[in-house]
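Participant: Below you will find the structure I want to go over with you.
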Amino acid sequence: MWKDSIVEEIRQHRDAYAKRFNYDLHAICEDMRRKQGQKGRRVVSFKPKPAQRIQRAV
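Residue numbering for the sequence shown follows our numbering, beginning at 1197 and increasing consecutively.
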């Protein structure tokens, strides 16, 4: 099977990054949020939208 060297490199970086946080998704997201705020850009947060009820035909 053909392998793309760029994709393989990205996967290695992604795995190394996740390994730093013991593959804990919550910790990874917290780190990304922290970094996002340090870039000098405005960070916005939206209120969650209420769930919509779906009418089912019987």
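No residue lacks a Cβ here, since even glycine has one placed at the ideal position from N, Cα and C.
Predicted, not measured: the structure shown is a model, and the values here were computed from it.
Would you kindly work out how many angstroms separate the C-alpha atoms of methionine 1228 and phenylalanine 1217, rounded to a whole number?
Facilitator: By one-based count along the sequence shown, residue 1228 stands at place 32. By one-based count along the sequence shown, residue 1217 stands at place 21. Each residue's Cα considered, the two are about 12 Å apart.
Participant: Report, in whole angstroms, the separation of the C-beta atoms of isoleucine 1224 and alanine 1214, which I expect to be a contact under 8 Å.
Facilitator: Indexing the sequence shown from 1 puts residue 1224 at position 28. Indexing the sequence shown from 1 puts residue 1214 at position 18. Rounded, the Cβ-Cβ distance is 6 Å, consistent with contact.
Participant: First and last residue of the alpha helix (DSSP H) that includes serine 1201?
Facilitator: To locate residue 1201, count along the sequence shown from 1; it is residue 5. Element bounds for serine 1201: 1201–1216.
Participant: Leaving out five residues on either side along the sequence, give the residues of the same chain with a beta carbon under 8 Å from the beta carbon of phenylalanine 1242.
Facilitator: In the sequence shown, residue 1242 corresponds to position 46, counting from 1. So the list is empty, once near-sequence residues are dropped.
Participant: Whose C-beta lies closer than 7 Å to the C-beta of glutamine 1234 among residues of the same chain, with five residues either side of it excluded?
Facilitator: Translated into the one-based positions of the sequence shown, residue 1234 becomes position 38. Once the five neighbours on either side are set aside, glutamine 1234 has no close Cβ partner at all.
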